[in-house]
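If you read the sequences in order, they're chains A and B.
Numbering follows this note's numbering, in which position 101 of the first sequence is assigned residue number 101; successive positions increment by one, without gaps.
Convert by adding 333 to the 1-based position in the second sequence; the result is the number in this note's numbering.
All C-beta atoms, glycine included, are put in the ideal place defined by N, C-alpha and C.
Being a predicted model, the structure only gives us computed values, none of them experimental.
Accompanying notes for the structure given below.
Number of protein chains: 2
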Amino acid sequence: MNTLSKKNDLIDEFDIIAKFFTPLAKDAPGTFGLLEDAAILPTIDSHQEWVVTVESIVCNVHFLPNDPFELIARKALRVTLSDLAAMGAKPYGYTLTIALNRDLSDSCYLLEKVSHGLTIDQAEFGIHLIGGDSVSTDGPITLAITAFGITNKAKALRRSAAMPGQDLWISGTIGDGALGLQVAKGILSKQYSDLAGRYRLPQPRISLGCRLSEIAAAAIDVSDGLILDASHIANQSKCRLVIDGGALPISESVSRIIADHSEMFELILTGGDDYELLFTAEPEAIQKIKQAGYELDIPITRIGRVDSGEGVDVLDHNGIKLNLLIEPGWTHF
Amino acid sequence: MNTLSKKNDLIDEFDIIAKFFTPLAKDAPGTFGLLEDAAILPTIDSHQEWVVTVESIVCNVHFLPNDPFELIARKALRVTLSDLAAMGAKPYGYTLTIALNRDLSDSCYLLEKVSHGLTIDQAEFGIHLIGGDSVSTDGPITLAITAFGITNKAKALRRSAAMPGQDLWISGTIGDGALGLQVAKGILSKQYSDLAGRYRLPQPRISLGCRLSEIAAAAIDVSDGLILDASHIANQSKCRLVIDGGALPISESVSRIIADHSEMFELILTGGDDYELLFTAEPEAIQKIKQAGYELDIPITRIGRVDSGEGVDVLDHNGIKLNLLIEPGWTHF
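What follows is the structure, given as structure tokens:
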């Protein structure tokens, strides 16, 4: 496409593709070295289907300007893979759009770091780049990723499948991402750098998501905050979710922080960025869930139940509904 | 995902989706009202395959700040559909990422226009929105689109399939987009507003692309400039393309402009933004090509040939190679 402004002759778009992105697509059939107008997805079995999801992240909004570029790229990819995990899909590949600031002094350095980060995560998750576009902008660096996964037909997990009587479960621990952001911003002590690491590099629960597609009813990943994400299940399933505040699984670091800063407790409920799977299942699924957690070495905790009604309630250890003073989670505008 | 900056409470991300984007997905199975973490692509016949392509456009780079938002959105969609056309794929749907400036005084107005523009083009091209993400940025408005099309298996057109002895063809007229940009910028007279219209709202050659998948060898859409795009076919096919400069199809408006401003002739060869299909075919395909052009009411012109060698040469009416003084086309950096 044509342009309205002068180009920077130092870097050529095709050199960028060849140097930094073609290597990421080399093992993906149908991508033709990223030299065609489009890529071809492989044929899947007739009992499978493609799942597609989109995420974008913007410098200053979703990451700090000093965050290492490798980690920014890996986080962008991982939050997208987390959406696939929440649908119970096995990831196959992704397209990447990168908008680079035209005044950036060393685009090549940045792109090398992005490409390196993506190379690491492609190996970790067994996926490939299948297409992309790079453009210049006078704004902040922005990455947009569309990820492709595969599920068995009609087995994708949905937010709308919760039913009264089901149990509510969560994987891993929550609050680490939200408090990790406080560490990354310097508000909390660097002694909790493990939490900042988790904020910067979430772990999408892909294997668990695939297992849950045969076990769970409704599912979502906790990206915007436990309560807000729970409310999506509640709203779309037309149910009430009741969370036992005392049952929430928290890490030792978060536990220590809360002991010193009780005002941060609500961040556990509302902060987001954990990328754990919140899901509902029939009570008789308990053995399969525990077995999956054991085999995958992921703690899975029952934190409540699905009831008739609407909304999300959090109960304290006396069974009394908590009055939360702050907003339930993050929305982008 | 969590954020690092204060949100604008006036608009809620979920309200945005419900109001402006869910209606665009209402007829697409597997999109669940855009309320899930991901969408499911429909199952296609076993003799078909999915084709995927990505484009992004940035305010101030790919469009002028005063361009109407409906047209910006439609252009973003159409340039992506043009990539599908160049592969010979029939478009099915697309995902959209929109980054909105946080200081925008009326995001709802903009989104309404974007949604309206996309509604028009969805109807025109028989496609659906299947997923998306909206984020805030402190930079310019940016749209990223991933489009999905379907081809018959192993029938996708490639840039690498040109062979010596084939003819080189182009659809429609060229130069309108490049000179249209000069009109839009006020450099050329408003009497040529038809060209500006073509710059702002290109016409992807979808029906022709589908027909060509059974007729043509190599193909590409002319987005970055005739010579640069021709060089992609030449490079990837390891051939030389010879273009007869006197045979280039130009519109009456472009013809008149060139008569007055001969210095603009080279923009026809290098300007881009035409979104016509440049393709090669065996000489015996001529009747099928003419028949396709007749049935689709699209002029298709033989503008040269494929030869052994490398690169792209443009010959004048005496068969003498032109020495082009300016660069062959647009690259983004």
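Spatial neighbours of residue i in its chain, beta-carbon cut-off 7 Å, leaving aside the 5 residues before and after
i                : result
Leu444 (chain B) : Ile349, Phe353
Phe598 (chain B) : Ile591
Pro91 (chain A)  : Leu81, Leu84, Phe125, Ile127, Ala147, Gly149, Ile206
Leu600 (chain B) : Gly508, Ala511, Leu512
Val306 (chain A) : Ala162, Met163, Pro164, Gly165, Gln166, Leu168, Cys239, Leu241, Thr280
Leu343 (chain B) : Note that Leu343 (chain B) has pLDDT 41, beneath the 50 cutoff, so the model's placement of it is unreliable and the number below is only indicative. So the list is empty, once near-sequence residues are dropped.
Three-state class that DSSP yields for residue i in the structure shown
i                : result
Val222 (chain A) : coil
Arg77 (chain A)  : Just to set this straight, residue 77 (chain A) is Leu in the shown sequence, not Arg. Here Leu77 (chain A) sits in helix by DSSP.
Thr31 (chain A)  : coil
Ser595 (chain B) : helix
Ile289 (chain A) : helix
Arg638 (chain B) : strand
Thr603 (chain B) : helix
Tyr627 (chain B) : helix
Thr280 (chain A) : strand
Gly578 (chain B) : helix
Val587 (chain B) : helix
Asp313 (chain A) : strand
Ile320 (chain A) : coil
Glu36 (chain A)  : coil
Thr22 (chain A)  : helix
Thr664 (chain B) : Only weak support exists for where Thr664 (chain B) lies, its pLDDT of 49 falling under 50; the value from the coordinates is given anyway. DSSP places Thr664 (chain B) in coil when its eight states are reduced to three.
Ile377 (chain B) : coil
Beta-carbon contacts of residue i that lie in its chain and below 8 Å, excluding the five residues immediately before and after
i                : result
Ala489 (chain B) : Glu382, Val384, Met420, Gly421, Ala422, Ser546
Glu70 (chain A)  : Lys113, Val114, His116, Gly117, Ile120
Glu13 (chain A)  : Ser134
Beta-carbon proximity list for residue i, same chain, < 6 Å, skipping 5 on both sides
i                : result
Ile170 (chain A) : Glu276, Leu278, Thr301, Ile303
Gly180 (chain A) : Leu195, Ala196, Arg198, Tyr199
Phe333 (chain A) : With a pLDDT of 41 at Phe333 (chain A), under the threshold of 50, the modelled position of that residue is not reliable, and the figure given next carries that caveat. Cβ neighbours of Phe333 (chain A) beyond the five flanking positions: none.
Thr142 (chain A) : Val58, Ala99
C-alpha distance - residue i paired with residue j, whole-angstrom precision
i                : j                : result
Gln524 (chain B) : Ile150 (chain A) : 53 Å
Leu528 (chain B) : Pro473 (chain B) : 26 Å
His380 (chain B) : Lys153 (chain A) : 19 Å
Leu201 (chain A) : Ala580 (chain B) : 56 Å
Glu55 (chain A)  : Thr470 (chain B) : 14 Å
Gln182 (chain A) : Gly311 (chain A) : 28 Å
Ala618 (chain B) : Pro23 (chain A)  : 37 Å
Ala398 (chain A) : Pro65 (chain A)  : Here chain A has residues from 1 to 333 only, and residue 398 (chain A) is not among them.
Val58 (chain A)  : Pro164 (chain A) : 39 Å
Ile386 (chain A) : Gly172 (chain A) : Residue coverage of chain A in this structure runs from 1 to 333, which leaves residue 386 (chain A) outside it and unanswerable.
Leu96 (chain A)  : Ala281 (chain A) : 34 Å
Ser440 (chain B) : Ala432 (chain B) : 11 Å
Asp593 (chain B) : Asp400 (chain B) : 27 Å
Leu35 (chain A)  : Glu263 (chain A) : 53 Å
Asp562 (chain B) : Val412 (chain B) : 14 Å
Tyr427 (chain B) : Asn235 (chain A) : 26 Å
Ile520 (chain B) : Gly604 (chain B) : 15 Å
Reference residue i, options the options, closest by Cα
i                : options                                : result
Thr364 (chain B) : B:Ile507, B:Leu462, B:Leu433           : B:Leu462
Asn318 (chain A) : A:Gln291, A:Ile243, A:Ile298           : A:Ile243
Cys210 (chain A) : A:Ala292, A:Leu96, A:Thr95             : A:Ala292
Gly642 (chain B) : B:Gly558, B:Gly578, B:Thr470, B:Ile566 : B:Ile566
Ala216 (chain A) : A:Lys153, A:Ala161, A:Ser255           : A:Ala161
Asp370 (chain B) : B:Met496, B:Gly465, B:Lys623, B:Thr603 : B:Gly465
Asp224 (chain A) : A:Ile320, A:Phe63, A:Asp273, A:Met163  : A:Asp273
Pro249 (chain A) : A:Ser231, A:Lys185, A:Leu168           : A:Leu168
Leu315 (chain A) : A:Gly245, A:Val306, A:Gln287           : A:Gly245
Ser231 (chain A) : A:Asp103, A:Asp313, A:Tyr94, A:His261  : A:Asp313
Arg74 (chain A)  : A:Gln203, A:Gln166, A:Ile44, A:Asp27   : A:Gln203
Gln166 (chain A) : A:Arg240, A:Ile298, A:Tyr294, A:Ser107 : A:Arg240
Arg589 (chain B) : B:Ala351, B:Tyr627, B:Ser522           : B:Ser522
Glu252 (chain A) : A:Pro42, A:Ser193, A:Asp221, A:Gly271  : A:Ser193
Lys26 (chain A)  : A:Thr270, A:Pro283, A:Gln122, A:Asp45  : A:Gln122
Ala518 (chain B) : B:Ala361, B:Leu374, B:His395           : A quick correction: the sequence has Lys, not Ala, at residue 518 (chain B). The option with the nearest alpha carbon to Lys518 (chain B) is B:His395.
Ala552 (chain B) : B:Arg491, B:Ser570, B:Arg435           : B:Arg491
* Would you list, in sequence order, the uninterrupted beta strand (DSSP E) runs of no fewer than 3 residues that lie entirely inside the stretch 162–240 of chain A? => Taking only runs of at least 3 residues, the beta strand (DSSP E) segments lying wholly in the stretch 162–240 of chain A are 167–171, 219–221.
* Any chance you could list the beta strand (DSSP E) runs of at least 3 consecutive residues sitting entirely within the stretch 412–499 of chain B, in chain order? => Entirely contained in the stretch 412–499 of chain B, the beta strand (DSSP E) runs reaching 3 residues are, in chain order, 423–434, 461–470, 475–485.
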